[in-house]
Amino acid sequence: MRPLNLTMSAFGPYAGRTTVDFSVLGTSGLYLITGDTGAGKTTIFDAITYALYGEASGESRESSMLRSKYAAPETPTFVELTFLNGGKTYTVRRNPEYTRPKTRGTGTTVQKADAELTMPDGRIITKARDVTAAMTDIVGVDREQFARIAMIAQGEFRKLLLAQTDERKAIFRQIFHTGQYQALQNRLKEEAAALDRQCGELEAGLRQA
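Each number in this note's numbering corresponds to the 1-based position in the sequence shown with 10 added.
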């Protein structure tokens, strides 16, 4: 998955509409985001992860905390990510639940959380749960795995390094789609064990003869 364009509106410290054009950075797929403390670096990680999975990249940041405290009441909160995966372009847009002014009359109303995914063929998937399921299938990893290996925020890198061996194996097996080879390996082990048993039985029979 390679991000092409990210738009954030009233998201985190970004009070207005902010766009990050990743396409100008080339096609290497490896980007370093730098800046002063509090400049909003982690928010970019949060926005990408939230667009894909409906949750921020960090375990301590809830969706209800994502609306900017500095935004004007009428500014909508949303993130929109266009990305390339397997040579195909996808666009996903999400907004968390937040309070906004009523369109008619006075007072406020609750804007419900929502999501929309535009597929390469133009099909549109709606409903947050369905979009999240589609994203997990398209990207090939779930949010927790994605946060550990694809969007490694400040202070998060050591989590992958400290993960248990079996957990790291499971993560990399899913990333590189090696599950079929694991299944083949297990089958070969079973067949080898069966042949060993047969050899043992034949040897025992020869000794008795």
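Glycine is no exception: its CB is placed at the ideal position from the N, C-alpha and C atoms. Just so you know, these numbers come straight off a predicted model, no measurement behind them.
Measuring alpha carbon to alpha carbon, tell me which residue in the options is nearest residue i.
i	options	result
A20	S78, K51, L42	S78
I58	V34, R12, A82	R12
G96	A173, P130, E211	P130
G22	V30, G36, F32, M75	M75
R158	D147, K98, I148, L172	L172
E126	R217, I43, T101	T101
G26	K112, T85, Q208	T85
F156	F88, E65, E213, G215	E65
A160	S67, F32, T53	S67
Under 9 Å between the Cβ atoms of residue i and residue j?
i	j	result
Y242	R153	The chain is shown only over 11 to 219; residue 242 falls outside these bounds and no answer can be derived.
A123	R104	yes
Y60	P106	yes
T118	R110	yes
Give me the Cα-Cα distance between residue i and residue j, rounded to the nearest whole angstrom.
i	j	result
R178	F55	21 Å
T29	L14	11 Å
T99	Y191	29 Å
Y108	D140	21 Å
T44	K51	7 Å
Q218	K199	29 Å
Y24	F93	21 Å
L194	G150	21 Å
P83	D147	36 Å
G132	L35	26 Å
A138	A144	10 Å
G189	L212	35 Å
T175	E201	26 Å
Q121	R183	39 Å
If I'm right that residue i touches residue j with Cβ under 8 Å, what's the distance once you round it to whole angstroms?
i	j	result
E90	T17	4 Å
M134	T128	With the sequence shown as reference, residue 134 is identified as Ile, and Met is not the correct amino acid for it. Their Cβ separation, rounded to whole angstroms, is 6 Å, which keeps I134 and T128 in contact under 8 Å.
Should residue i be listed as close to the ligand HEM, given that the test is whether its C-beta is under 8 Å from any heavy atom?
i	result
E107	As far as ligands go, the structure on display features none, and thus does not contain the ligand HEM.
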